[in-house]
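Numbering (this note's numbering), first residue to last: 110 to 365.
Single-structure report; data block below.
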């Protein structure tokens, strides 16, 4: 059954078909050395992003979680080789890279870690964690999902979009009051998740089929980790509640 509440199944079938052609063409060019060295890093990231968008579109379209889990695992095999720090890290004048990701790449890593937790795929946490360490990325949310508890030195400017957009979730993981945590997550889903700074913002209104779904996997992961009551926001259109149910079922089965 389709999970998305905005588009119909035909939209996602068409989108997945079209983007699959783009992805397959991209892999063909990379595997056959058809991309110049000057364009190689950017092109690899382009192919990875398209593959990630297709993966999310499949979830939106209603693919069974058992099948989707295989797709997510397949994405993890590409991640270490296709994730280029020269493209993902913020670049200052003069080409100087700083130890922060651009928003769109930050969102992908945040989603990837969140989905890995919800689907119980620990090897993905290891792979993404290794890349983040390689890129010297320190972020309170990413480290929380990776269960890194050390003091961190974030490199964000005070006006960082990441800090403002994710402020509710950053607060939620710092406090120990479940009711307040639930309020913060609810507020994030209602007010901050869908924001104009995202590359996917308003994509459902575009003339071209670029919409693959709006999902706050990070909210679901935090709810799952903290075992919060999600009844007040469970039906929010951005909240992937079946993934939280899957996580809780998996945890229960492991406990016997």
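Every residue gets a Cβ at the ideal spot worked out from N, C-alpha and C, and that includes glycine.
These numbers come from a predicted model, not from an experiment.
Proximity of the stretch 186-206 to the stretch 295-313 falls short of the contact definition, fewer than three beta-carbon pairs being nearer than 8 Å. Under the DSSP assignment, residue 230 falls outside any alpha helix (DSSP H); it carries neither an H nor an E label. Shortest Cα-Cα distance from residue 333 to any of 323, 361, 312, 320 involves 361.
Beta-bridge pairing by DSSP links residue 206 to 200. Taking C-alpha positions only, residue 275 is separated from residue 302 by approximately 8 Å. The residue among 330, 317, 309 with its C-alpha nearest the C-alpha of residue 323 is 309. Buried is the label assigned to residue 184, since at least 16 other Cβ atoms lie within 10 Å of its Cβ. The three-state reading of DSSP puts residue 171 in coil, since its state is none of H, G, I, E or B. For residue 351, the closest C-alpha among the options 291, 150, 250, 177 is that of 177. Scanning 134, 338, 165 for the CA closest to the CA of residue 291 turns up 338. Cβ atoms of residue 142 and residue 155 stay farther apart than 8 Å, at about 16 Å.
A distance below 6 Å between beta-carbons, with the five flanking residues on each side excluded, links residue 343 to the following residues of its chain, in chain order: 350. Secondary structure within the stretch 122-193: the alpha helix (DSSP H) runs of 4 or more consecutive residues, fully enclosed, are 146-170, 174-191 (chain order). By the Cβ neighbour-count rule, residue 147 is exposed, with fewer than 16 other Cβ atoms within 10 Å of its own. A residue is called buried when at least 16 other Cβ atoms come within 10 angstroms of its Cβ; residue 169 meets this threshold and is buried. Between the beta-carbon of residue 318 and that of residue 127 there is about 7 Å, and that keeps the pair under the 8 Å contact cut. The beta carbon of residue 243 lies closer than 8 Å to those of 194 in the same chain, with the five residues before and after it left out. The Cβ atoms of residue 162 and residue 326 do not sit closer than 8 Å to each other. Taking a C-beta distance under 8 Å as the contact criterion, residue 129 and residue 229 do not qualify as a contact pair.
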